[in-house]
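First the structure, in the form of structure tokens, and then the observations on it.
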Amino acid sequence: MVSIAIFNNKGGVGKTTYLYHLSNLLADAGKKVLMVDCDSQCNLTAYALTDEQISQSWSSSGNSIYQAIKPIATGTGDYIDCTPTFVSSNLYLVPGDIDLSVFEDRLGDTWSSAATQEISLRTQVAIYRYVNFEAKKLSADFVLFDLGPNLGALNRSVLGGCDYFITPLSPDLFSIKGTQNLGNKFVTWNEEWNPILSRWRTKGFKELPTAKPKFLGYVMQQHNLRTNSTGMTQGWKIFGDQVNTAVMENIVDRLAPLHQVVSRDNYCLGAIPNLHSLIPYSLNARKPVYKCTGADGLKGAHISKAKSSAQDYSQMVDFLLSLV
1 MVSIAIFNNK
11 GGVGKTTYLY
21 HLSNLLADAG
31 KKVLMVDCDS
41 QCNLTAYALT
51 DEQISQSWSS
61 SGNSIYQAIK
71 PIATGTGDYI
81 DCTPTFVSSN
91 LYLVPGDIDL
101 SVFEDRLGDT
111 WSSAATQEIS
121 LRTQVAIYRY
131 VNFEAKKLSA
141 DFVLFDLGPN
151 LGALNRSVLG
161 GCDYFITPLS
171 PDLFSIKGTQ
181 NLGNKFVTWN
191 EEWNPILSRW
201 RTKGFKELPT
211 AKPKFLGYVM
221 QQHNLRTNST
231 GMTQGWKIFG
241 DQVNTAVMEN
251 IVDRLAPLHQ
261 VVSRDNYCLG
271 AIPNLHSLIP
281 YSLNARKPVY
291 KCTGADGLKG
301 AHISKAKSSA
311 QDYSQMVDFL
321 LSLV
């Protein structure tokens, strides 16, 4: 089983759309995939489930991520065996929950005592333990986590339990600057996790994460297509050319000494163009773009464009399949 977080501390770069399409393509390739919505905005959940399914997942008998770990969040017990929701063939989802913001406060309050108090440690690794349990029950090949655009306690906890992370980036100044904050924070998290985990390992505590997710690479998202050698408009290319340098200096060079980088010749996993009006159709149909047809409202050239969009992910899917 391989666990991967789709993460960037900058919003608006298409993280959820990327994860949803990648998950569907991996499932289409015959791999069992568990998606986990750890963003309290619940965009992935809204993409995959109906309103009725979401309401049920949030109920006291529901299976949202917060309902599963609520006993730990409230200090009344351990996680609950909440079976993930079946989405489609080979594809499952642990629904998100707006109450995750409440749990994030608890994560922040217990971080400083996690090295000495078991109840605090169990809070920090609650999502890791629950998701691992459900993924093993499903015999999942991949677990993909959708995270909110921040560097807070919740993302620290989730990323600590992942094998890898991928960073979607837009070719703009804000994404380039964001790589610096991201690299610095991963170094800090590594330093903070080490003494906590070392102490509990010596006590024989089981089900501990490595807290060393490895950087797999970045994905260029939402650039505007042009029929030139780069496929980008000149304005977007200005920043697009700077992205790789920023990633190498701010992420790869910072994390390589910590053994948190997968060695690659090129850290750009691919580029996903801006699909503009196709995304609303996809959201409305609760399908990836490449599965949308005339029955979902598409007309004319949109139908062929939607179908061919799967090709934009082919290089990334092949790479991820090589991990298992």
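Mapping to full-length UniProt numbering: the sequence shown position 153 is 153, numbers consecutive.
No residue lacks a Cβ here, since even glycine has one placed at the ideal position from N, Cα and C.
Query: Compute the beta-carbon to beta-carbon distance between lysine 15 and isoleucine 6, rounded to the nearest angstrom, for a pair I have assumed lies under 8 Å.; Result: 5 Å
Query: Can you say whether aspartate 109 is buried or exposed, counting buried as having 16 or more other CB atoms within 10 angstroms of its CB?; Result: exposed
Query: Please confirm whether residue 364 and alanine 271 have their CB atoms less than 7 Å apart.; Result: In the structure as shown, the chain begins at 1 and stops at 324. Residue 364 is therefore absent and cannot be evaluated.
Query: Please list, in chain order, all residues of the same chain as tryptophan 193 whose beta carbon is under 7 Å from its beta carbon, the five residues on each side excluded.; Result: Gly160 and Ala211
Query: Check whether the Cβ atoms of leucine 19 and alanine 140 lie closer than 7 Å to each other.; Result: no
Query: Tell whether a beta-carbon distance below 7 Å holds between isoleucine 303 and glycine 294.; Result: yes
Query: Go ahead and pull the three-state DSSP assignment for proline 171.; Result: coil
Query: Hey, could you find the ends of the alpha helix (DSSP H) methionine 316 is sitting in?; Result: 314 to 322
Query: Taking 7 Å as the limit between beta carbons, can you name the residues of its chain near leucine 275, skipping five residues before and five after?; Result: Val289 and Ser309
Query: Which residues mark the beginning and the end of the alpha helix (DSSP H) in which glycine 160 is found?; Result: 153 to 160
Query: In the structure shown, what three-state DSSP assignment does arginine 129 receive?; Result: helix
Query: Mind checking which residues open and close the beta strand (DSSP E) that includes valine 143?; Result: 142 to 147
Query: Taking buried to mean at least 16 other C-beta atoms within 10 Å of its own C-beta, is glycine 217 buried or exposed?; Result: buried
Query: Thinking phenylalanine 103 and leucine 154 are a contact (beta carbons under 8 Å), I'd like their distance in whole angstroms, please.; Result: 7 Å
Query: Go through its chain and collect everything with a Cβ distance to serine 282's Cβ below 7 Å, but skip five positions before and after it.; Result: Pro288, Val289 and Cys292
Query: Return yes when the Cβ of proline 149 is within less than 7 Å of the Cβ of asparagine 9, no when it is not.; Result: yes
Query: Cutting at 6 Å between CB atoms, please list the residues of its own chain near phenylalanine 145, excluding the five before and the five after it.; Result: Ala5, Val36, Cys38 and Val158
Query: Assign phenylalanine 215 to one of three DSSP states: helix, strand, or coil.; Result: strand
Query: I need the boundaries of the alpha helix (DSSP H) containing isoleucine 272, first residue and last residue.; Result: It is not in any alpha helix (DSSP H) - isoleucine 272 instead sits in the beta strand (DSSP E) that spans 268 to 273.
Query: Kindly indicate the opening and closing residues of the beta strand (DSSP E) around tyrosine 92.; Result: 91 to 94
Query: Based on DSSP bridge pairs, tell me the residues matched to aspartate 37.; Result: Asp146
Query: Valine 87 and alanine 29 - do their beta-carbons sit closer together than 7 Å?; Result: no
Query: Judging by CA-CA distance, which residue of Lys137, Asn90, Leu26 and Leu182 is the nearest neighbour of arginine 156?; Result: Leu182
Query: Taking the C-alpha atoms as reference points, what is the distance between asparagine 228 and proline 95?; Result: At asparagine 228, the pLDDT of 48 sits below 50, so the modelled position is not reliable; the number obtained from the coordinates is stated separately. So the alpha carbons of these two residues sit roughly 41 Å apart.
Query: What is the residue span of the alpha helix (DSSP H) that phenylalanine 103 lies within?; Result: 100 to 110
Query: Counting along the chain, where does the beta strand (DSSP E) carrying isoleucine 4 start and finish?; Result: 2 to 6
Query: In angstroms with no decimal places, state the Cα-to-Cα distance between arginine 226 and leucine 278.; Result: The predicted position of arginine 226 is uncertain, since its pLDDT is 44 and thus under 50; no value can be drawn from it.
Query: Find out if the Cβ-Cβ distance for the pair lysine 185, valine 261 is shorter than 7 Å.; Result: no
Query: In this structure, how does DSSP classify valine 13 when only helix, strand and coil are distinguished?; Result: coil
Query: By the 10 Å Cβ neighbour count, where 16 or more other Cβ atoms means buried, how is alanine 256 classified, buried or exposed?; Result: exposed
Query: Helix, strand or coil for alanine 285? Go by DSSP, reduced to three states.; Result: helix
Query: Could you check what DSSP says for valine 262 in three-state terms: helix, strand or coil?; Result: coil
Query: Could you round the C-beta distance between serine 175 and valine 13 to whole angstroms and report it? I think they count as a contact, below 8 Å.; Result: 6 Å
Query: Let me confirm a value: proline 84 is counted as buried when at least 16 other C-beta atoms fall within 10 Å, else exposed. Which label applies?; Result: buried
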